[in-house]
Each structure stands twice: as structure tokens, then as C-alpha cells.
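Enquirer: Numbering (the numbering used here), first residue to last: 1 to 114. We put the CB at the ideal spot given by N, CA and C, even for glycine.
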């Protein structure tokens, strides 16, 4: 089992920045890929970014150049630096990790509004 605790969401104006964090505990040695997903009201949950153990990253096209995913394998934490935020980035953001199974965090609300 892996437990995930997210933090860093909140309200920000368009053009602003936020950094999300997701700390993993438990059977962390099984973790390979760490990722962020989001779900906006009335929409399906979508993958935003992912990072492998070796540091290979992938981003959904809508956030490329604005969001940066990173991980600290000592702290077992994955981060999502979000810059130049837009109202359409408003969603609940979820951390997800893949290992022997896959696990979800509880979600953190990000609201981009003036």
C-alpha cells in the first residue's frame, strides 16, 4: 500500500503561480511513475503530467511550457510547478503513483480567477 498526501492548492489570479506537492509513504520502493491528473467540473479526469524514476517527463499539450513536474526520490515527493495559470486550469488536482498497483491522492482544489 502507498499513501499519498497532497498540498499546495488554492485561489490564484490569472497569470499567477502555484506549486503542488504530493508526499508518498508506505510501500514506496515499488513506485515507478508519479503523475498529476485533474478534473474540472463536468469534465472527465485527465492526465496533466507524469515523471518516471529516471526523470522522463510527459505533459498534456495544454500545459506544456507552463507547468513543470519534478520529483525528489529522497523525500518520496512529486511536485507540480504551475506558472502562467489560466482560468481553464481550474480543477481538482490529483496525485497518482504507479508501482505494484496504482494509488490516488485525495485531491487539492486549484482555482484560477480574478
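1) Taking contact to mean at least 3 C-beta pairs separated by less than 8 Å, is the segment 66-80 in contact with the segment 17-27?
2) Any contact between the segment 81-97 and the segment 1-15? By contact I mean 3 or more CB pairs, one from each, below 8 Å.
3) Look up residue 66 in the DSSP assignment and say whether it is helix, strand or coil.
4) In whole angstroms, give me the CA-to-CA distance for residue 114 and residue 73.
5) Does DSSP put residue 28 in a helix, in a strand, or in coil?
6) For residue 3, which option in 13, 25, 15, 64 has the closest C-alpha, if you only look at C-alpha atoms?
7) Please classify residue 83: does DSSP put it in a helix, a strand, or coil?
8) How big is the Cα-Cα spacing for residue 37 and residue 108?
9) Determine the burial state of residue 67: buried for a count of at least 16 other Cβ atoms within 10 Å of its Cβ, exposed for fewer.
Expert: Judging by the given coordinates:
1) yes
2) yes
3) Here residue 66 refers to the residue found at position 66 when the chain shown is read from its first residue. It is coil, neither helix nor strand.
4) On the chain shown, residue 114 is found 114 positions in, with the first residue counted as 1. On the chain shown, residue 73 is found 73 positions in, with the first residue counted as 1. Computed Cα separation, rounded: 36 Å.
5) Looking up residue 28 in the chain shown gives position 28. The answer is helix: DSSP assigns residue 28 an H, G or I state.
6) Reading the chain shown from its first residue, position 3 is the one you call residue 3. Minimum Cα distance to residue 3 is reached at 25.
7) For the purposes of this step, residue 83 is taken as residue 83 along the chain shown, with counting starting at 1. If DSSP states are grouped into helix, strand and coil, residue 83 belongs with coil.
8) As a working note, residue 37 is residue 37 in the chain shown. As a working note, residue 108 is residue 108 in the chain shown. Cα to Cα, the separation comes out at about 11 Å.
9) Along the chain shown, read from residue 1 onward, the residue named residue 67 stands at position 67. Buried, since its Cβ has 16 or more Cβ neighbours within 10 Å.
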